[in-house]
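Numbers given in the numbering used here equal positions in the sequence shown, counted from 1, plus 1221.
Below is one structure; the comments refer to it alone.
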Amino acid sequence: MTDNARQPKGIPAGGQFAATSHTEPDVNLAPAAGSAPDAAGIIAANQSPVSLRFVAYDDRLTKEQMGMILAGQWNDAENDVDENFSDSAYDQAVETARTEINEAHEEGRFDREWDELDQDEQDAARYAVEERDDSDPVKDLLRNTPDQLLRTSLGRPAERLPEPRWASGHRLDDGGFTARHDAVAALLKESGMNVDSPEVREAIEELINEGPYDWHEGVQLDVLWYGGIEDAVPTPRAESPETEGQKVLEFAKPHILLIDKWNGSGHDVVVPAAMKRTLTRVGDDDGEAPQTGRAYLDSDAGGYGWDDVAGVHKPAYKDGAPSATWSA
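The structure is reproduced here in C-alpha cells:
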C-alpha cells in the first residue's frame, strides 16, 4: 500500500468502512460572490401588475380635462389627471411595498420588516412598485364621462357679407336679408351641404329671422350635438393604422346654431341635409386649433353657451350626433 500523498504523516488511511480509518478534515468553501437581495429587488421580483390610480364608478373628467382632450392635447390631460391622483397613488404604492416586504420577511425571503428599512430603502421599494403600475386613469375617466353638449364652428357669417352695412339689423329690408341668407348658405355649402332645396332655404330663413339682430365678429354659425367626447377628438391618443389621417364628422341632419357669443341671442334649427366637418389634427407641441377646426364644449365656447341662455334639454340634440371616422 502506498502512502496517500494528500494524507499527513501519522494519520492512517483507509476506506470508509475501515475500523481505523480517518477522513480528511472538512473544507468549508466560501459562498459565491454576491449580495443579499435588497428591498427594491424583492419588489421588482414580483411581476404582478398593480393599479395605483383607482377611478371610482362616479369619477368623471373635469371640464378643463375634457377641453384638453377635445383640443388634442393628451399629454396635458394626462399630466393634470396624474396630478389629481398623485397623493392617493403615492399612498397606495407605499402600502403595497409595505405589504410585500413584510410578506417576504415572514416567508424568510428577506431579513427585515418594512419598519426596519431606512428612508432611502423605502423610497427605492416604492419606486419599484410604481414601475409595475398599469393603471390608466385617463382611459377610465373618459369611459365614465357621459355625453356632452358639443359644438364646432362653421365660421363667422358677418365676414361673408359683401358690404358691412348689411350686418345691421336695420338693413334687413334693404338687401340685408338676402345678403345674410347668402352668407349662411355659403358656410353650409363649404361643409358639403346641398343648400338649394326648399327645406334648407327655409331653415336658413328661420335662422336669420330668429337669430341675432346685429351681426359682428362675435356671431358664429355652429353645429350643435349631444355626444361622446372620444368621437370628437381631433388627434388619437396613440398612433395606429386605424387612426391615421384626420377625424371626419359626418352629420345626417345637423342642428345648426346661429349665436351671438357676446349677448347670448341666437336660434337653432334642424337642417334636413347632410354635411361633414374635418377636424384639424394637432401635435402635443402645436397650438390649439381654431373653433372651425375642432369640437368644443358648449359651455367652453369663449362666451355665452347655448345652454346658458336657452336652458336646453341636452339629450334632444342626440339625434344630431355625427358618425366619426379617420380618413387619410
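Glycine residues also receive a C-beta, built at the ideal position from the N, C-alpha and C atoms.
Item                                                                                                                          : Value
Residues that LYS1544 bridges to, as DSSP identifies them                                                                     : The residue you asked about is not Lys; residue 1544 is Ser in the sequence shown. BP columns for SER1544 point to GLU1471.
Per DSSP, the bridge partner or partners of THR1373                                                                           : VAL1444
Length-filtered (3 minimum) beta strand (DSSP E) runs lying within the segment 1474-1534                                      : 1476-1481, 1487-1491 and 1496-1499
Exposure of PRO1252, with buried meaning 16 or more beta-carbon neighbours within 10 Å                                        : In this prediction, PRO1252 scores a pLDDT of 36, lower than 50, which makes its location untrustworthy; the coordinate-derived value is nonetheless stated afterwards. Counting Cβ neighbours within 10 Å, PRO1252 comes out exposed, since fewer than 16 surround it.
Classification of PHE1331 by the beta-carbon crowding that lies within 10 angstroms, buried from 16 upward                    : buried
Member of GLU1380, GLY1329, THR1399 and TRP1527 whose CA lies at the smallest distance from the CA of ARG1422                 : THR1399
C-alpha distance - ALA1345 paired with THR1366, whole-angstrom precision                                                      : 36 Å
Cβ-Cβ distance between ASN1428 and LEU1479 below 7 Å                                                                          : Reading off the sequence, residue 1428 comes out as Leu, not Asn. Cβ atoms of LEU1428 and LEU1479: closer than 7 Å.
Chain-order list of residues whose beta-carbon lies under 6 Å from that of SER1299 (same chain, five-residue window excluded) : Looking at the sequence provided, one finds Glu at residue 1299 rather than Ser. Same-chain partners within the cutoff: VAL1359.
Nearest-angstrom Cα separation, counted from ASP1519 out to ASP1528                                                           : 7 Å
Within 7 Å, strictly: CB atoms of ASP1489 and VAL1440                                                                         : no
Sub-7 Å separation of ARG1550 and ALA1318 beta-carbons                                                                        : It is not possible to answer for residue 1550, since the shown part of the chain is limited to 1222 through 1549.
DSSP bridge partner residues for ASP1354 (one or two, in chain order)                                                         : VAL1271
Cβ-Cβ separation, ASP1435 to GLY1390 (assumed contact under 8 Å), whole Å                                                     : 5 Å
Close Cβ partners of ARG1392 (< 7 Å) along its chain, the five nearest in sequence each way excluded                          : ARG1386
Pick from PRO1493, ASP1357, TRP1335 and LYS1539 that is closest to VAL1315, judged by C-alpha positions                       : TRP1335
Supposed contact pair LEU1370 and ALA1404 - C-beta distance, whole angstroms, cut 8 Å                                         : That belief does not hold up - the Cβ atoms of ALA1404 and LEU1370 are roughly 25 Å apart, past 8 Å.
Helix, strand or coil at ARG1319 according to DSSP, with G and I counted as helix                                             : helix
Spatially closest choice to GLY1487 from GLU1451, ALA1473, ILE1425 and ALA1494, by CA coordinates                             : ILE1425
Spatial distance of ASN1296 from ALA1310 (CA atoms)                                                                           : 19 Å
is_contact[PRO1493, chain D] using C-beta, thresh 7 Å                                                                         : This model lacks chain D altogether; it includes just one protein chain.
Where the alpha helix (DSSP H) containing LYS1284 begins and where it ends                                                    : 1284-1291
C-alpha distance - GLU1460 paired with ASP1506, whole-angstrom precision                                                      : 16 Å
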